[in-house]
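Asks: The structure that follows is given in the form of C-alpha cells.
This is how it looks when you write it as C-alpha cells:
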C-alpha cells in the first residue's frame, strides 16, 4: 500500500477520534498526518515523512490549538445563547394571553406564554414582546416596551 494512502487513513482516523474527544489535539495530529502525506506524495523518505508529521503537528498544537480553544470556549458578555436569544423578539398571540397563560407564535414555533403583569391581557392577533423565558413559558409584554 502506498505511504501517502496510509497517511491519509491516519488523518481520517485522527479526525474521527477528534469527534469523540473534542479536545482539538487529535485534529492537530490529523493535520500532521496530512503533512506526512504531502512529503510521501513528493517522494520523500519515511524519515522525512515522520519529521514532517511531528513538525506540522507540533506547530499546530503550539500555535493553532490555543487560538481555536480560546474562540470555542470564550464568549463575550454580549453573546447570547439558548433561550436568551428569544428575549426582545416579537410574537403574535394565537390564544389570549393573561397572567395565567396563553399561546404565542414566533415564526414556526408556538410557545406557552403569560403576561408580565396581572390584569394585562393580550387578544388573539396582538403583537407582544418576549421579556423573559421561564422554563417553557415566555413572559410577554406590550411590543412597545
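In the working numbering, the protein residues as written are 12 to 156. Where is the CB? At the ideal position from N, CA and C, for every residue including glycine.
Determine whether the beta carbon atoms of residue 141 and residue 109 lie at a separation below 7 Å.
Replies: Taking the first residue of the chain shown as 1, we reach residue 141 at position 130. Taking the first residue of the chain shown as 1, we reach residue 109 at position 98. Going by C-beta atoms, residue 141 is not nearer than 7 Å to residue 109.
Asks: Assuming the contact rule is C-beta atoms closer than 8 Å, residue 66 and residue 50 should be a hit. Round their C-beta distance to whole Å, please.
Replies: As a working note, residue 66 is residue 55 in the chain shown. As a working note, residue 50 is residue 39 in the chain shown. About 10 Å; that fails the 8 Å criterion.
Asks: Measuring straight from C-alpha to C-alpha, what distance separates residue 123 and residue 116?
Replies: Residue 123 sits at position 112 when you count from the first residue of the chain shown. Residue 116 sits at position 105 when you count from the first residue of the chain shown. Cα-Cα distance, rounded: 9 Å.
Asks: Among 28, 43, 52, which one has its Cα closest to the Cα of residue 16?
Replies: As a working mapping, residue 16 is identified with position 5 in the chain shown. For the residues 28, 43, 52, the minimum Cα distance to residue 16 belongs to 52.
Asks: State the Cα-Cα distance for the pair residue 83 and residue 32, rounded to the nearest angstrom.
Replies: Taking the first residue of the chain shown as 1, we reach residue 83 at position 72. Taking the first residue of the chain shown as 1, we reach residue 32 at position 21. Straight-line Cα distance between these residues: approximately 14 Å.
Asks: Please confirm whether residue 19 and residue 29 have their CB atoms less than 7 Å apart.
Replies: Within the chain shown, residue 19 is the residue found at index 8, counting from 1. Within the chain shown, residue 29 is the residue found at index 18, counting from 1. Contact flag unset, no.
Asks: Tell me, please, whether the stretch 134 to 148 touches the stretch 96 to 104 by the rule of three or more beta-carbon pairs shorter than 8 Å.
Replies: yes
Asks: Please work out which residues of its chain come closer than 8 Å, Cβ to Cβ, to residue 46, disregarding the five sequence neighbours upstream and downstream, and give them in chain order.
Replies: Locating residue 46 in the chain shown gives position 35, where the first residue counts as 1. Same-chain partners within the cutoff: 63, 64, 66, 67, 68.
Asks: Taking the alpha-carbon of residue 35 as reference, which of 48, 79, 155 has the nearest alpha-carbon?
Replies: Sequence index remark: in the chain shown, residue 35 carries index 24 (1-based). Of the listed residues, the one whose Cα sits closest to residue 35 is 79.
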